[in-house]
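Asker: Below: one structure in structure tokens.
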Amino acid sequence: MLYVYFLIAVFCAGSIFLLKNKKIMHFLVYGFNLVQLLFTIYLFRELGSLKMAFFNYDSISVLFAFILAILSFVAAVHYQIYEDNQQQSIRTVQIHNAVYIGFNVALMGVYLSSQYGLLWAFIEATTLTGATLIYHDRKKIVLEAVWKYVFACSVSITLAFVGILLLSVSAQEVGLSDLSFQLLKNSALQMNPIWLKSSFLFILVGFSVKMGIIPMFNVDIDAKDVAPFPIGALFSSVLLNAGFLAVYRFYQMFHTTSIASWMNHVLLISGVLTLFFAAAYLLKVKNYKRMYAYSSMEHAGLVIIALSLGKAGVLAAFLHLTFHSIVKSGLFFQIGQIMRLNNGVKINITGYFYQNPLGGLLLLFGSLAILGLPPSGLFISELLIFKSLLLNQHWVLVVFILLALSVIFYILLKDVFKLLFFPATHKFETDLRGTAIENSLQMVLIFLSIYFGVIQNHYLFDLIQAAI
Amino acid sequence: MNALFILLFAVSIFYFSISVNVKTYIHLLGIQGVLLFLISLNGLHELSYVHLIFVGLETLLFKGIIIPVYLLNIAKKNKVTNIKNFKARRKMKGFYLILTTTLVFVFTIFLGNLLKNDFLNVKIFATAITAVLMGLIFIVINKNITLHIISFIIIENGVFLMAIAIGNQMPMMVNTAILLDLFVSVLVLGVFFNKLAYHFHDDSSDILSKLKD
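See below:
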């Protein structure tokens, strides 16, 4: 079935290059999205029984694949509206749509890989396809962002590869000839801790570029800023999840060894620093897209902190990633409407609620949800993170984290209220407001986050519990 | 014999530190490519012939010829010749750079001996890690985009050398390292660096500062 999925992806992407009609190109992307959703349902039904060479997935893979299948479809719908408004050339849409399918396949590969080398190769493929997706508008400023992204990603991914090489030296010592997660986990206790520690450092630094955490977060922010907003939405959600999974796989294999406590300390330091940098950068942010990009960085920091807190923290981390993906992508899609109405997303734009009342409401609810206010699902996951922090007796850290979150809360809410309710400073075209399909899809995403916050969905909890 | 090639590879890293000519840098990259070919020919004796041919093509053709020729053309087109003529000067003088290289080498030899095991060739490991670390230092101290690319290829060569060190037991790692090279050559050099060279005529990384908060 996996190979059928790959073949359909190749067929759809290849056909797009032969077509001249934009509508059929978009239709092929929707068709691929449908296949992707069906494939994910198949993975869910066969969970635990399906054995594939190199792709032995678990329930976390299925959860992330579901998020990818849904958000990819919503992003494809928004992209069609985006390119229609921009009147992009057939060639641009052709490249975008074909590469878009490739980007999806690369992410699916990251989620399903059962070997570190393969996972790394798929992460590399997300850079290759992601850079092409960012370079959509062919402007000088976009080229600058793409160059920085490609260069930093290349260096980071190379460092991650050094980490994998160090891991393989350690694996050879215990007689392993490949880096499959299961084999490594089985032999984890016999492996040399020094090799494992150095490998973890390289892997964390290397994949930090995909998660948008310390130290390689800058280029990720720039990429989200200049990319078309549907791509920014995917970078803030499904790509962030992929980066996290790459780090989590290492953690999952070695959290029972003697390096567990050391790994937790490193993760905690990395998460807290990320949170503080996000708060500091938000103080001087000048456009709404960057503001939400820094908000993603804040949540990535929280997730890394959660991972360092043991089993309860891991549950919180996956819940947080799920809710964050849904809400943040909804917000990025709404940012697209603001851009369309105001020809930009600079922080001095005001009166959006009067321009577009429904869009304004969605932005307001989405922003409140992303800040973790009840009844958002993020409230539950943040509550779990703080509970774990307190149970682990990190009192001082709780104070510092709350301080950073308060700063972020204040800045985000202040800027969103200014954008929505301050009097408008310029005239606007009402016919550029969001279409019914755009608004409904965004509404569904925001509603989903609230639904998960109010009702404890046992499918979601069972999926996460099964993996940790 | 292999020890000699590894030693020459290490010397090439020192040569990067003292040289100021971009052409020399690119020639050194070519030499490193050939040395990697010779090291892999001697080191990867347990691999199949098909695999070895693949590694040979990658090192000799790609690293030894295609990448240096491409970079020479770019340097010629952008009139990048001697780093003393750059608008954006290097942040570290040659003497301190060679001192840093020596210290890094001593550190990696010490580290290699500390981590020594039956599967690790300390000489290759120390040289590879030195290349990776020095590549990173070169990126940090230089503001020129062409030099950033050259520094990145030094890191790449270091990683490839490391992959060779464990290649007999894990040929998959060598394959992946080759994949990394192809990716970098096609995407970084082939597509975006070319576009950057076309759109921005100044070669300093200062021109890439429009995107900020």
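Going down the list, the protein sequences come from chains U and H.
My numbering puts the first residue of the first sequence at 3, with every later residue one more than the last.
My numbering puts the first residue of the second sequence at -12, with every later residue one more than the last.
Here a beta-carbon is modelled for each residue, glycine too, at the ideal position from N, C-alpha and C.
None of these values were measured; they are calculated from a predicted model.
1) Please report how far the alpha carbon of residue 391/U lies from the alpha carbon of residue 359/U, in whole angstroms.
2) With H, G and I counted as helix, E and B as strand and the rest as coil, what does DSSP make of residue 38/U?
3) Among 106/U, 61/U, 293/U and 60/U, which one has its Cα closest to the Cα of residue 37/U?
4) May I ask you to report which of helix, strand or coil DSSP gives residue 117/U?
5) Would you decide whether residue 5/U is buried or exposed? Buried here means 16 or more other CB atoms lie within 10 Å of its CB.
6) Note down the Cα distance separating residue 240/U from residue 129/H, rounded to an integer number of angstroms.
7) Excluding five sequence neighbours on each side, which residues of the same chain lie with their C-beta closer than 7 Å to the C-beta of residue 224/U?
8) Decide if residue 188/U is buried, meaning its Cβ has at least 16 other Cβ atoms within 10 Å, or exposed.
9) State buried or exposed for residue 397/U, treating a residue as buried only when at least 16 other CB atoms are found within 10 Å of its CB.
10) Determine whether the beta carbon atoms of residue 173/U and residue 208/U lie at a separation below 7 Å.
11) Within this structure, are the beta carbons of residue 135/U and residue 205/U separated by less than 7 Å?
12) Could you tell me which of 123/H, 131/H, 68/H and 127/H sits nearest to residue 142/H, measuring between CA atoms?
13) Chain U partners of residue 121/H, CB-CB under 8 Å?
14) Quick one: using the 10 Å Cβ neighbour count with 16 as the cut-off for buried, is residue 152/H buried or exposed?
15) Mapping the DSSP letters down to three states, classify residue 80/H as helix, strand or coil.
16) Suppose the cutoff is 6 Å on Cβ atoms and the five residues either side in sequence are ignored; what does the same chain contact list for residue 254/U look like?
17) How many whole angstroms separate the CB atoms of residue 137/H and residue 48/H, which I take to be in contact at a CB cut-off of 8 Å?
18) Apart from the five residues on each side of it in sequence, which residues of its chain come closer than 7 Å, Cβ to Cβ, to residue 121/U?
19) Mind listing the chain H neighbours of residue 349/U? Cutoff is C-beta to C-beta under 8 Å, in chain order.
20) Helix, strand or coil, according to DSSP, for residue 179/U in the structure here?
21) Secondary structure at residue 288/U, three-state DSSP: helix, strand or coil?
22) Among all the DSSP beta bridges, which residues are the ones paired with residue 348/U?
23) Assess contact between the region 61 to 81 of chain U and the region 29 to 46 of chain U, defined as three or more Cβ pairs (one per stretch) separated by less than 8 Å. Is contact present?
24) What first and last residue would you give for the alpha helix (DSSP H) that runs through residue 258/U?
25) So, helix, strand or coil for residue 181/H, using DSSP?
26) With the cut-off set at 7 Å, would you say residue 269/U and residue 328/U are in Cβ contact?
27) Let's see if you can read the secondary structure: which residues bound the alpha helix (DSSP H) around residue 420/U?
28) At least one CB of chain U closer than 7 Å to the CB of residue 179/H: is that the case?
29) Of the choices 201/U, 322/U and 320/U, whose alpha-carbon is the least far from that of residue 264/U?
30) Should residue 131/U be flagged as near chain H, meaning a C-beta pair shorter than 7 Å?
31) With H, G and I counted as helix, E and B as strand and the rest as coil, what does DSSP make of residue 29/H?
32) For residue 343/U, which option in 404/U, 427/U and 178/U has the closest C-alpha, if you only look at C-alpha atoms?
33) Assuming the contact rule is C-beta atoms closer than 8 Å, residue 377/U and residue 455/U should be a hit. Round their C-beta distance to whole Å, please.
34) Skipping 5 residues on each side, what residues in its chain have a beta carbon closer than 6 Å to that of residue 301/U?
35) Against chain H, with Cβ distances strictly below 7 Å, would residue 174/U count as a contact?
36) Taking contact to mean at least 3 C-beta pairs separated by less than 8 Å, is the region 12 to 30 of chain H in contact with the region 91 to 110 of chain U?
Answerer: Looking at the atomic coordinates:
1) 40 Å
2) helix
3) 106/U
4) strand
5) exposed
6) 34 Å
7) 147, 150 and 151
8) exposed
9) exposed
10) no
11) no
12) 123/H
13) Those do not exist, as residue 121/H stays about 14 Å from chain U at its closest Cβ, beyond 8 Å.
14) buried
15) coil
16) none
17) That belief does not hold up - the Cβ atoms of residue 137/H and residue 48/H are roughly 19 Å apart, past 8 Å.
18) 112, 115, 248 and 251
19) Near residue 349/U there are no residues of chain H at all, since even the closest Cβ is about 10 Å away, more than 8 Å.
20) coil
21) coil
22) 289/U
23) yes
24) Per DSSP, residue 258/U belongs to no alpha helix (DSSP H) and is neither H nor E.
25) helix
26) no
27) 397 to 423
28) yes
29) 201/U
30) no
31) helix
32) 427/U
33) 4 Å
34) 326
35) yes
36) no
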